[in-house]
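From first to last, the protein sequence lines stand for chains H and R.
Counting with the numbering used here, you get residues 391 to 739 for the letters of the first sequence.
Counting with the numbering used here, you get residues 391 to 739 for the letters of the second sequence.
Idealized CB from N, CA, C, for every residue including glycine.
For reference, the structure discussed in these notes is given below.
2 protein chains.
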Amino acid sequence: MIEDKNPQRTSIAQLGEFGLITHLTKDFDIKQPSTFKSIGDDAAVLDFKDKKTVVSTDLLIEGVHFDLAYMPLKHLGYKAVVVNVSDICAMNAKPTQITVSIAVSNRFPLEALEELYVGIALAAKEYNVDVVGGDTTSSQKGLIISITAIGEADAEEITYRDGAKKTDLLVVTGDLGAAYMGLQVLEREKQVFQVNPNSQPDLDLYTYLIERQLKPEARKDVRTLLHALEIKPTSMIDISDGLSSEIIHICKQSKVGCNLYEDKLPLDPQFISTCEEFNIDSTTVAINGGEDYELLFTIDINDFDKIKGNPHFSVIGHMCEESEGIHLITRADTKIALKARGWNALQEE
Amino acid sequence: MIEDKNPQRTSIAQLGEFGLITHLTKDFDIKQPSTFKSIGDDAAVLDFKDKKTVVSTDLLIEGVHFDLAYMPLKHLGYKAVVVNVSDICAMNAKPTQITVSIAVSNRFPLEALEELYVGIALAAKEYNVDVVGGDTTSSQKGLIISITAIGEADAEEITYRDGAKKTDLLVVTGDLGAAYMGLQVLEREKQVFQVNPNSQPDLDLYTYLIERQLKPEARKDVRTLLHALEIKPTSMIDISDGLSSEIIHICKQSKVGCNLYEDKLPLDPQFISTCEEFNIDSTTVAINGGEDYELLFTIDINDFDKIKGNPHFSVIGHMCEESEGIHLITRADTKIALKARGWNALQEE
């Protein structure tokens, strides 16, 4: 894929480390008033005044977190930023800056890194964050991306995982499982391609799923939406590892139990039909598939009327006493204990 | 080395991603008042009140930045923190927090990561920084460490690379080149070991050099020392890539030239004798060898009396008009143009 798209190949060693950073970030402008000094010194200098600073970091490894066989570098750059910005959104904070470190093996020409940085720049623009630092170096194998995201918020806005109360409602944004099914579709096409490189995939039936996998978005709008509704969530987390895993995080840290209702799970029609085609149970995927980057949060039961019928939010369950445990209530009204089977980068294949 | 030291091997997959972070950071305590919320949520929350926030990030890759054949994991953990803290010191700021992300291939048992984290914890204690976040994941090859360091400072304290004036003096802390020669000694021993695994290396003659390579320190003391002397440096940088490379950074960003004096370079006697033994020119190493993590800064010429004779500082040159260029003045009083030949992780071997 890299070869096809980049007939011109400039060796990265020609530019050197300093030239490379300057080259890749030269068009990045500064948008945030809190960015005092950006790239070009030993460190960036930020000024959050009376706000709190929120910091999160993630490491993305080729062959573990992404496969360049079907992940275009531009999309990868975009997604790498989104994944980190999502963590800031999950604190109910406003993303403001990122640092981006990249390690590449010598199989990557400069043009490939430029593609990656086009995606990074696009996401930085979309999420209104400044790229204020980073590091580029060589790797022994593959592409490694490390991003640190920084945000700001007033102390009273920030939402942790440990604030859910036993009578709270459990709410999720958007819909679930589509990113996982997008990956299944792409994996299938990759295998078809390996058998017959001339096959032309028809992916029209899966556009939404593939977009959710290749170009996910962080829910930066939720902070504003909730603010307008005068709702302060009692706890919040983003769905990167799968719904059930995130529910368990909130329950454990908040010391509460949870009843999750199968019939309340928000599923896209394309997701449902593709699960049927793949002969996979849609509830299993909705609960365990990761990478949706939707937000999962709890609200006080008295806030129900404010959120009822809002197309952005689905009430999917309620919290309960810790001793009652964490369960899925199926359509057949049976109770199944939820387990953290979400996506785990450390799992052995 | 890993096998010898860790007869017990626990597979990392057994613990899983969440268990691993919790396990590795469970003994880390919080020391900084600015750490509002540490590990355990989507992001850390920091509060710098009226101070500025300083952020720097670095990526360390096995086989590129370190060789586990002679770098014990504990030392590597320590050094990884030091390298990042040094960037904060180079802004004349106080390091306060770090995030640590690790990717490992399955050849590393849990006990190896524990060793690494012992070093990280030791450095965090020594430099009084809180480990407030991170990520652990698997890699396709080797060990990858990504650290983001955060610090605080008043706006007027922060020292950039671009503030040097043409009459300023150039000052360096400590001594130069020892870390590079430590690496040469270790590389030689590695080769000896490969030929004869039973050889017992006698490294007594090189203890200082090896310590500078395996357990470097960041100059967090310099901020306090300069404050006590009532000196505000006009520019500052840390020496990670080599003196000449760092001088060029300051000169380019400050739009000045520089005369560096060979006879003023601070060299340790062990460094000089080892250069002689290896038949390497000590000035070349002092100027181009990296990883010393000393601080290089410029001061107003009127501050000379405050710094004169201070054992922590050596005046090694002076800035000049940009048009005069950047030169080394040799002992023989010849002028040689300085080039950035410092250590470059992107260089092809």
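For R/ILE726, count the other beta carbons within 10 Å of its own beta carbon; 16 or more makes it buried, fewer makes it exposed. Which is it?
exposed
Segments assigned beta strand (DSSP E), at least 3 residues, entirely inside the stretch 677 to 732 of chain H
Taken in chain order, the unbroken stretches of beta strand (DSSP E) that lie wholly in the stretch 677 to 732 of chain H and span 3 residues or more are 685 to 689, 703 to 710, 716 to 719 and 725 to 727.
Could you run through the stretch 567 to 585 of chain R and flag, in chain order, every residue whose CB is less than 8 Å away from some CB of chain H?
none
Euclidean distance between Cα positions of R/MET626 and R/TYR651:
In this structure, the CA atom of R/MET626 is about 19 Å from the CA atom of R/TYR651.
Minimum length 4: unbroken alpha helix (DSSP H) runs contained in the stretch 604 to 662 of chain H:
611 to 618 and 633 to 644
Going by C-alpha distance, which of R/PHE703, R/LEU458, R/ILE478 and R/ALA554 is nearest R/LEU503?
R/LEU458
Would you identify the three-state DSSP class for H/MET571, choosing helix, strand or coil?
Of the three classes helix, strand and coil, the one that applies to H/MET571 here is helix, per DSSP.
My understanding is that H/MET481 touches H/THR538, with C-beta atoms under 8 Å, so please give their C-beta distance in whole angstroms.
Wrong, their Cβ atoms sit about 14 Å apart, outside the cutoff.
Interface residues of chain R facing H/SER491 [CB-CB closer than 8 Å]:
Under the 8 Å cutoff, chain R gives THR447, ASP448, LEU449 and SER536.
Just the C-alpha distance for H/TYR570 and H/GLY680, rounded to the nearest angstrom, thanks.
6 Å
Give the residues of chain R in contact with H/PHE426, contact being defined as C-beta atoms less than 7 Å apart.
Below the 7 Å Cβ cutoff, chain R contributes LYS442 as neighbours of H/PHE426, in chain order.
Name the two residues that bound the continuous alpha helix (DSSP H) containing H/ILE510.
500 to 516
What is the DSSP secondary structure of R/GLU579, reduced to helix, strand or coil?
helix
Cβ of H/THR400 less than 9 Å from any chain R Cβ?
no
Under 8 Å Cβ-Cβ, which residues of chain H neighbour R/LEU414?
Contacts between R/LEU414 and chain H, judged by CB atoms closer than 8 Å, are missing: the closest CB pair is about 12 Å apart.
Terminal residues of the alpha helix (DSSP H) in which H/ILE478 lies:
463 to 479
Name the one or two DSSP bridge partners that H/GLY536 has.
Correcting the residue identity first, residue 536 of chain H is Ser in this sequence and not Gly. H/SER536 pairs with H/LEU449 and H/SER491.
Any idea what DSSP makes of R/VAL519, helix, strand or coil?
coil
Any 3 or more C-beta pairs closer than 8 Å across the stretch 544 to 558 of chain H and the stretch 510 to 518 of chain H
no
If distances are taken between C-alpha atoms only, which option among H/HIS702, H/LEU718, H/PRO701 and H/PHE703 comes closest to H/MET709?
The residue among H/HIS702, H/LEU718, H/PRO701 and H/PHE703 with its C-alpha nearest the C-alpha of H/MET709 is H/LEU718.
Answer yes if the stretch 694 to 712 of chain H comes into contact with the stretch 642 to 659 of chain H, meaning at least three C-beta pairs across the two stretches below 8 Å, and no otherwise.
yes
H/ALA434 - containing beta strand (DSSP E), residue span
434 to 436
Taking just the CA atoms, how far does R/TYR460 sit from R/GLU667?
21 Å
Please state whether the Cβ-Cβ distance between H/VAL454 and H/THR489 is less than 9 Å.
Inclusion of H/VAL454 and H/THR489 in the CB contact set at 9 Å is not warranted, their separation being larger than that value.
Relative to the C-alpha of H/THR688, which residue among H/ILE478, H/LEU616 and H/LEU506 is closest?
H/LEU616
Use the C-beta contact count for R/LYS395: other C-beta atoms within 10 angstroms, 16 or more gives buried, fewer gives exposed.
Unreliable positioning characterises R/LYS395 in this predicted model, as indicated by a pLDDT of 42, which lies under 50. The coordinate reading is nonetheless provided below. Per the 10 Å Cβ criterion, exposed.
Relative to the alpha-carbon of R/ASP444, which residue among R/ILE478, R/THR526 and R/ASP419 has its alpha-carbon at the smallest distance?
Note that residue 444 of chain R corresponds to Val in the displayed sequence, not to Asp. Residue R/ILE478 is the option with its Cα nearest to R/VAL444.
Listed from N- to C-terminal order along the chain, which residues in the stretch 468 to 493 of chain H have their beta-carbon within a distance smaller than 9 Å of any beta-carbon of chain R?
Only SER476, ASP477, ILE478, CYS479, ALA480, MET481, ALA483, GLN487, THR489, VAL490, SER491, ILE492 and ALA493 from the stretch 468 to 493 of chain H bring a Cβ to less than 9 Å from some Cβ of chain R.
Expected contact under 8 Å - CB spacing of R/GLY523 and R/GLY467 to nearest Å:
Their Cβ separation, rounded to whole angstroms, is 16 Å, which puts R/GLY523 and R/GLY467 out of contact at 8 Å.
Return helix, strand or coil for H/SER528, following the three-state DSSP convention.
strand
Would H/LEU484 and H/GLU542 be called neighbours here (beta carbons separated by less than 9 Å)?
Reading the sequence as shown, one finds Lys at residue 484 of chain H and not Leu. Going by C-beta atoms, H/LYS484 is nearer than 9 Å to H/GLU542.
So, for H/ASN700: in the same chain, excluding its five sequence neighbours on each side, which residues have a beta-carbon less than 7 Å away from its beta-carbon?
Within the same chain, H/ASN700 has no close Cβ partners at all.
Tell whether a beta-carbon distance below 9 Å holds between H/CYS641 and H/ILE716.
yes
With a threshold of 9 Å between beta carbons, is R/SER528 in contact with chain H?
Taking Cβ atoms only, chain H reaches closer than 9 Å to R/SER528, which makes this a yes.
Environment of R/SER589 [buried if 16+ CB atoms lie within 10 Å]
exposed
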